[in-house]
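One structure is given here, and the rest of the page talks about it.
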Amino acid sequence: MTSAARPSLRTTPASPTSQLGSARHKSNLAPRRTKYRKAHKITIPFNTGGSTKGTTVQEGVYGIRLLAPARLSAKQLVAAETALKRKLKVVKGAQVFLRVFPDIPVCIKGNETRMGKGKGSFEYWACRANMGKVIFEIGGPVEIRPEVAKEALRLASAKLPVPTEFVTTASAPRLGNKVLQPAAASSATDGPDSTPAPTSS
Numbered sequence: 001m002t003s004a005a006r007p008s009l010r011t012t013p014a015s016p017t018s019q020l021g022s023a024r025h026k027s028n029l030a031p032r033r034t035k036y037r038k039a040h041k042i043t044i045p046f047n048t049g050g051s052t053k054g055t056t057v058q059e060g061v062y063g064i065r066l067l068a069p070a071r072l073s074a075k076q077l078v079a080a081e082t083a084l085k086r087k088l089k090v091v092k093g094a095q096v097f098l099r100v101f102p103d104i105p106v107c108i109k110g111n112e113t114r115m116g117k118g119k120g121s122f123e124y125w126a127c128r129a130n131m132g133k134v135i136f137e138i139g140g141p142v143e144i145r146p147e148v149a150k151e152a153l154r155l156a157s158a159k160l161p162v163p164t165e166f167v168t169t170a171s172a173p174r175l176g177n178k179v180l181q182p183a184a185a186s187s188a189t190d191g192p193d194s195t196p197a198p199t200s201s
């Protein structure tokens, strides 16, 4: 067989994401591509600047908010979303909003491996969520009864490895362990320069 008639093999290397997706913790929630194949395992930082971004319901009407920092895997988020949609199936037109996305690769070293960083193989995708972060929201063009929404979000929170709380659009933002009142939230958002200077009589 001549070289012209011989079937050619694909010489283009596979993308890193396709190789990472072959792990046993495969999930539908995965980024298409990443800049780096591995990421450092860091401690989830605490918001010390006074920002309350992501602690209130924005897209829907009801939601669940984390009461502790956590690293959530894609498998846990999919399980919580599945339980949420299964409960809301009776409400036609109800929508589920996921406020986080697992885009951090988590690598785990095997047994009998010498010490050192960077030797672990890819296991699953995860995301880091701070305390007070809203994870799931439900809403839509139809009205969802509060008792149905609370039960659906309770089933979803049971799939997460972190305590949560039920919040609505009327819930105040949270800064760490403290729930801010409307006056305190506006002052924290505006900053110290927003206070008007006293006028001299």
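To convert, note that position 144 of the sequence shown is 144 in full-length UniProt numbering; the numbers rise steadily by one, no gaps. Note that CB positions come from ideal geometry on N, CA and C, so glycine has one too. Source: prediction; values computed, not measured.
Where the alpha helix (DSSP H) containing residue i begins and where it ends
| i | result |
| --- | --- |
| A129 | Here A129 belongs to no alpha helix (DSSP H); instead the beta strand (DSSP E) covers S121 to A129. |
| P146 | P146 to S157 |
Helix, strand or coil at residue i according to DSSP, with G and I counted as helix
| i | result |
| --- | --- |
| Q76 | helix |
| E81 | helix |
| R99 | coil |
| R71 | strand |
| V57 | coil |
Residue(s) in a DSSP beta bridge with residue i
| i | result |
| --- | --- |
| A108 | The sequence shown places Ile at residue 108, rather than the Ala named in the question. I108 pairs with S121. |
| Y36 | Answer is none; Y36 lacks a bridge partner. |
| K178 | L175 |
| V65 | Reading off the sequence, residue 65 comes out as Arg, not Val. Note: R65 sits in a beta bridge opposite V134 and E165. |
| G139 | Q95 |
Residue i, buried or exposed, once every other Cβ within 10 Å from all chains shown has been counted against 16
| i | result |
| --- | --- |
| S51 | exposed |
| G63 | buried |
| E137 | buried |
| E121 | Residue identity check: residue 121 is Ser in the sequence provided, not Glu. Classification of S121: exposed, given that the 10 Å Cβ count is below 16. |
| V90 | exposed |
| G60 | buried |
Same chain only: Cβ atoms within 6 angstroms of residue i, ignoring 5 sequence neighbours per side
| i | result |
| --- | --- |
| P102 | L29, A74, W125, A126 and C127 |
| Q175 | A quick correction: the sequence has Leu, not Gln, at residue 175. Excluding positions up to five away in sequence, the list reads T52. |
Spatial neighbours of residue i in its chain, beta-carbon cut-off 8 angstroms, leaving aside the 5 residues before and after
| i | result |
| --- | --- |
| Q181 | A172 |
| L84 | V96, F136, I138, A152, L153, L155 and A156 |
Residues near residue i by beta carbon distance below 7 angstroms, same chain, minus five either side
| i | result |
| --- | --- |
| K53 | none |
| A79 | K159 |
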